[in-house]
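In our numbering, the protein residues as written are -18 to 185.
For reference, the structure discussed in these notes is given below.
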Amino acid sequence: MDKTKKLNKLVVEYQYTKSDEVFTKIYEIISKEWRNLPTVASSIRADIHDLIAAYEQALLKCVKEFDGKSEFLNYYRYVATNERTNLYLKNKRYHEKFYEIESERDDKIEATIESIADEKTVESVVHGNKKADQLALIDSLLNGADETTTAIVEAFLKHPKPTATAIAKELGVHHSKVIRKLEKLAGKFDSKKYGNYRDFLVAI
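Here is the structure:
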């Protein structure tokens, strides 16, 4: 059986069984698609960890939404490309905003020292309130969750470059288990209201 047909079969099987073993097989096949990670990451102004996280996010999305009417591999490649593009645009906007702020600060620094201090105070309060709201939401999402899920989320919040592989290595579990647990948690997360759950966790 060729790779394409094997993937189609494995994904359908996983959708019915939710088997860690089946998901691991899917992950092992798909991760071989992630070639030249350092070069690709550099080209989109990202690091390898962020790029892998984008690819993993694409995999979760595809496994969840695959309907069997097309080839899974082609579907995944399409979604992964979109995720990579979104990551590039996100980083591009960040860098443009950073340089814009730097330029404005250089031009007006003397005239705005006092106002900047006031803005910083307000920003600090707003950020503190937002962070408190985020942590409260995470606590509610973890209500009733098992110890492994709680440990994964706590590690995700503390890790400087959180990916399934990095968290799995830190906790001594297989990366497929980390992805599965985050996938279940994401099922309780209102993405329309709060955005991508990975971005939400990293922002804490």
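By construction, the Cβ of each residue, glycine as well, lies at the ideal position given by its N, Cα and C atoms.
Source: prediction; values computed, not measured.
Inset, instruction - Between the Cα of THR131 and those of THR146, LYS165, LYS142, spot the shortest distance and give me the residue it belongs to. - result: Checking every option, the nearest Cα to that of THR131 belongs to LYS165.
Inset, instruction - Let me know the secondary structure DSSP gives HIS155 once reduced to three states. - result: coil
Inset, instruction - Figure out for me which residue from LYS158, SER23, GLY49 has the closest Cα to the Cα of ASP127. - result: Comparing Cα-Cα distances from ASP127 to each of LYS158, SER23, GLY49, the minimum goes to LYS158.
Inset, instruction - Run the CB neighbour count on TYR(-5), radius 10 Å, all protein chains shown included, and call it buried at 16 or more, exposed below. - result: Counting other Cβ atoms within 10 Å of its Cβ, TYR(-5) reaches 16 or more and is therefore classed as buried.
Inset, instruction - Determine the closest residue to HIS30 out of TYR(-3), GLU14, ALA147, with distance taken between C-alpha atoms. - result: ALA147
Inset, instruction - Assuming LEU68 and ALA35 form a contact by the criterion Cβ under 8 Å, report the distance between their Cβ atoms to the nearest whole angstrom. - result: Contact flag correct, Cβ pair sits at about 5 Å.
Legend entry - Chain-order list of residues whose beta-carbon lies under 7 Å from that of LYS42 (same chain, five-residue window excluded): Result list for LYS42: VAL60, in chain order.
Inset, instruction - With a threshold of 16 other CB atoms inside 10 Å of the CB of LEU54, please say whether the residue is buried or exposed. - result: buried
Inset, instruction - In the DSSP assignment, find the alpha helix (DSSP H) that holds ALA136 and state where it starts and stops. - result: 128 to 139
Inset, instruction - Put GLU64 into one of helix, strand or coil per three-state DSSP. - result: Here GLU64 sits in helix by DSSP.
Inset, instruction - Give the single residue among LEU70, LYS13, ALA27 whose Cα lies nearest to the Cα of ARG58. - result: LYS13
Legend entry - Residue range of the alpha helix (DSSP H) that includes ASP48: Counting along the chain, ASP48 falls outside any alpha helix (DSSP H), and DSSP gives it neither H nor E.
Inset, instruction - Give the secondary structure of ALA27 by DSSP, where H, G and I count as helix, E and B as strand, and everything else as coil. - result: It is coil, neither helix nor strand.
Legend entry - Contact belief for ILE160 with ALA136 at Cβ below 8 Å, rounded distance in angstroms: Their Cβ separation, rounded to whole angstroms, is 14 Å, which puts ILE160 and ALA136 out of contact at 8 Å.
Inset, instruction - Assign LYS42 to one of three DSSP states: helix, strand, or coil. - result: helix
Inset, instruction - Check each candidate in ASP48, ILE33, GLU151 and name the one with the smallest Cα separation from THR129. - result: GLU151
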